[in-house]
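All remarks here apply to the structure that follows.
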Amino acid sequence: MDVGEQFQTTNDTRNLEHSMWRLLREAAIFVQQILFRLAKRRRQRPNIRVVCLSDTHLQTVVIPPGDVLIHAGDLSQSGHPDEIQQAISWLSSQPHKYKIAIAGNADLFLDKSVSRVPQGDHSRHGIDDGLDWGEIRYLNRSTTTIEFENHEGSRSLTIYGDPNVPRCGPDGQEGFQYDTDVDHWRDSIPSGTDRDAHRCFVRSNGDAHFYTYLGTYIPPPAANWYFGGAQLLAVSY
Numbered sequence: 001m002d003v004g005e006q007f008q009t010t011n012d013t014r015n016l017e018h019s020m021w022r023l024l025r026e027a028a029i030f031v032q033q034i035l036f037r038l039a040k041r042r043r044q045r046p047n048i049r050v051v052c053l054s055d056t057h058l059q060t061v062v063i064p065p066g067d068v069l070i071h072a073g074d075l076s077q078s079g080h081p082d083e084i085q086q087a088i089s090w091l092s093s094q095p096h097k098y099k100i101a102i103a104g105n106a107d108l109f110l111d112k113s114v115s116r117v118p119q120g121d122h123s124r125h126g127i128d129d130g131l132d133w134g135e136i137r138y139l140n141r142s143t144t145t146i147e148f149e150n151h152e153g154s155r156s157l158t159i160y161g162d163p164n165v166p167r168c169g170p171d172g173q174e175g176f177q178y179d180t181d182v183d184h185w186r187d188s189i190p191s192g193t194d195r196d197a198h199r200c201f202v203r204s205n206g207d208a209h210f211y212t213y214l215g216t217y218i219p220p221p222a223a224n225w226y227f228g229g230a231q232l233l234a235v236s237y
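Residues 1 to 237 (full-length UniProt numbering) are what the sequence shown spells out, left to right.
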């Protein structure tokens with residue numbers, strides 16, 4: 001092989017290598033574009049906005065817009081059923097697609113274990129107590145699953161609500177209490193629950209694709225009391 005033939009062979013090899021690298025580069029760009037479009041499409045799925053509040057005590061506050069509204073405790077001031085119904089009616093008037101309510105220690109009429117409670121003209125206790133909950137889902141150590149559908153498919157959230165708090169007052173004056181030496185939360189939260197709606201403070205834990213939420217009661221910054229459940233925190237994290 002003379003010098004000219006050797007040069008031609010080397011040049012052909014380089015051209016072949018260049019063509020192969022160009023094909024690989026174009027394939028990589030093609031795959032990258034597909035992945036980018038899929039990621040962008042995933043990011044464009046509408047978020048589910050959950051609004052959580054508590055301790056309104058008959059106050060009609062301005063509530064931010066959202067998909068899910070959770071009232072996590074103390075709808076009423078004195079626990080009287082008329083007060084609770086008034087708060088329910090206000091909550092029902094909100095525009096959120098799903099509305100969920102959990103009782104609090106002030107909502108005495110809803111606690112079957114409380115012996116002294118103002119009853120008015122209502123029969124006693126629970127979801128069949130004469131109160132009209134309408135479309136509100138009332139949770140008392142129970143779960144509910146809510147569905148969201150769009151052009152991307154369907155998503156669901158399973159929510160567990162529990163009104164109980166560590167003892168914060170005498171029996172008959174506060175509802176839904178448990179003694180602080182009782183492990184109320186162990187094995188209480190069902191598996192498969194996405195969000196525990198016990199009172200109202202919300203923390204998030206997880207990565208960009210999966211979130212677990214814990215709700216418990218945190219006092220205002222100036223307060224020196226705390227009704228949050230340390231046991232709930234322990235079993236949830």
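Note that beta-carbon positions come from the ideal geometry of N, C-alpha and C, so glycine has one too. Note that this is a predicted model, so its numbers are computed, not measured.
Burial state of residue i, where buried means 16 or more other Cβ atoms lie within 10 Å
i, result
"T145", "exposed"
"Q85", "buried"
"A103", "buried"
"C200", "Per-residue confidence for C200 stands at a pLDDT of 35, beneath the threshold of 50, marking its modelled position as unreliable; no derived number is given."
"G161", "buried"
According to DSSP, residues forming a beta bridge with residue i
i, result
"C52", "I70"
"S92", "The partner list for S92 (beta bridge, DSSP) is empty, contrary to what the question assumes."
"residue 312", "With the chain represented from 1 up to 237, any question about residue 312 goes unanswered, as that position is not in the structure."
"D171", "E174"
"A87", "For A87, which the question treats as bridged, DSSP gives no partner whatsoever."
"S142", "G161"
"I102", "A72, L139"
"E147", "S156"
"P166", "Y178"
Spatially closest choice to residue i from the options, by CA coordinates
i, options, result
"I100", "S142, L108, D111, G153", "S142"
"L157", "D67, A27, S92, A28", "D67"
"E174", "S19, P163, V182", "P163"
"N140", "G153, R155, G130, V165", "V165"
"W90", "P65, T56, H184", "T56"
"L75", "H184, S54, S93", "S54"
"K97", "S113, H80, D111, G134", "G134"
"F109", "R186, H80, P170, I63", "H80"
"I136", "Q32, S92, P64", "S92"
Rounded C-alpha distance that separates residue i from residue j
i, j, result
"D82", "L58", "11 angstroms"
"E147", "R49", "13 angstroms"
"I29", "L23", "10 angstroms"
"P46", "G172", "45 angstroms"
"D132", "P190", "27 angstroms"
"P95", "E26", "50 angstroms"
"D107", "R37", "50 angstroms"
"I159", "C52", "12 angstroms"
"V61", "N150", "31 angstroms"
"I34", "S154", "23 angstroms"
"A87", "S78", "12 angstroms"
"D111", "Y138", "13 angstroms"
"D182", "S188", "Reading the sequence as shown, one finds Val at residue 182 and not Asp. Their backbone Cα atoms lie some 12 angstroms apart in a straight line."
"V31", "R186", "48 angstroms"
"P64", "N105", "25 angstroms"
"G169", "S113", "14 angstroms"
"H184", "G130", "29 angstroms"
Counting pairs of Cβ atoms below 8 angstroms between the segment 178-188 and the segment 66-86, do you hit three or more?
-> The count of Cβ pairs closer than 8 angstroms, one atom from the segment 178-188 and one from the segment 66-86, stays below three, leaving the stretches out of contact.
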